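Under my numbering, the first residue of the sequence shown carries the number 60, and numbering increases by one thereafter.
Positions of the beta carbon are idealized from the N, C-alpha and C atoms, including for glycine.
Just so we're clear, the structure is a prediction, and the values are computed from it rather than from any experiment.
For reference, the structure is listed below as structure tokens.
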Amino acid sequence: MPVLTRKTDDSEVQYLFGKTLSYRSRQIIIIIFIAGGILLQLLYSFFLGFIIVITGSAFSLIKGYRPLPKIKSNEEKWSQVTPNEYTKVKATADAALKWDEDFFDITSKRGIGVFSLVILFSAGLFFVAPVFLPGETIFMILANVAVILIPQWVTGTREYLKLDKLIIKINILQKVIELLNSPSDVQVLPMLATKETEKGKKVPSDARLMLKLLNAPDWFMGAQVQISINNVQGVDYPYVYCVLIFKEDAKIFQKKSTIVDHLQDGGTVSFKHIPIPTGNFIERAADRMYSGTAITVETANSEGVDVLVIRQRTSKTDGYFTTPSNVRDIILYTLEATKTITASK
């Protein structure tokens, strides 16, 4: 947190002292107290002037620096968006990350760097300056630097709405969109979930894709590409899976039991309908139609619909992270399974 905040930042700053002061009044007080205190140290009394400098510095200390929106509830509202909305979310996240990199925030890389430089400068001054300056002057400089600057690094660190997990999901979904540019009979619909803030604004919270087949029967509602994030020892690992959705009254699992049972038993599909892209998404897997990702197929009934879940097989210790090649296999497997189910009599 800089000693003198920018006026555009003032509405976001919560100060420790003089909470009702206006922006201009606060800046005048800080300048007068610090400048006057240093002048008093030089002309009359170091101790008295130092107390005044401390007082001026105290008016610059903040309790928080928070453009962090308060979420009204955890209820998410899903809506279809354009692919450009994903790009906008990423741009907003990048801007927030840059905003967080402040020179006077010890939690940021820039803050750590500047703090280290100040320490090195002070150490150099302590060892070298005695050749040119009297000890009292060196002590006065170091004391003022310490009381003015150091508190700025340890109070009022910046906070913002972190979208790290959402950005991981969006990056993967954008690759899936790229992968599915080729099949002309597949419609890819980006979806974005938002939460409402106390001020009535909406902030993004989740993302997924809805895949639809052109000329598919009306009992097939689509296939969702969903991603969960598993955090292991502070590292986020994405786990991608697909959910095929069918109208419950169509009783697809009974009518298509032979196909469904085959898929659940670990049967593979032919991929005869799907052109394999080359040069995009995962080049190292582009020469293989199916690279052998262990896939599990499960059936369930949820909220009045029948669902078929296609995911990577997991064990107690493995499988909870889908690599880009795993993602590719799951998507292609899902499309061919969907075509097989919807095309059969």
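Where does the unbroken beta strand (DSSP E) through residue i begin, and where does it stop?
i	result
T355	I354 to S361
Kindly identify the DSSP beta-bridge partner or partners of residue i.
i	result
D365	F305 and N360
R370	Y300 and T355
I121	Y74
I130	T256
Thinking C-alpha only, which one of the options is nearest residue i?
i	options	result
E307	A359, T146 and R372	A359
D365	P142, F312 and E195	F312
V148	D265, V204 and R370	D265
T355	S361, S374, L176 and F279	S374
L270	D377, L303, P383 and N203	L303
E362	F305, N385, D388 and S316	F305
K129	L367, K260 and S104	K260
S81	F118, P383 and S384	F118
T393	Y300, G378 and R372	Y300
A154	F76, A402, D223 and N240	D223
S383	I89, S241, S316 and N230	In the sequence as displayed, the identity of residue 383 is Pro instead of Ser. Nearest option by C-alpha distance: N230.
N274	K136, T401, G95 and I200	T401
Y74	V204, I197 and P210	P210
I93	G108, L102 and T79	G108
K315	M199, I197, W278 and K254	W278
G281	L272, G378 and V112	L272
I113	L102, M250, G95 and R83	G95
L225	F198, Q371, E237 and Y298	Y298
Q100	T253, T146, N385 and A202	A202
S116	G293, K131 and I91	I91
Helix, strand or coil: which one does DSSP assign to residue i?
i	result
K136	strand
Y74	strand
P61	With a pLDDT of 49 at P61, under the threshold of 50, the modelled position of that residue is not reliable, and no figure is offered here.
I165	Bear in mind that the predicted position of I165 carries a pLDDT of just 48, short of 50, making it too unreliable to give a figure here.
S84	helix
M193	Before going further, note that residue 193 is Pro rather than Met in the sequence given. Correct three-state label for P193: coil.
T141	coil
K149	helix
The alpha helix (DSSP H) with residue i in it runs from where to where?
i	result
I390	P383 to A402
T114	F105 to A117
F380	No alpha helix (DSSP H) contains F380, which DSSP labels as neither H nor E.
K315	No alpha helix (DSSP H) holds K315; DSSP gives it neither H nor E.
* Within the stretch 222-294, ranges of the beta strand (DSSP E) (whole runs, at least 3 residues) -> 245-255, 261-272 and 279-291
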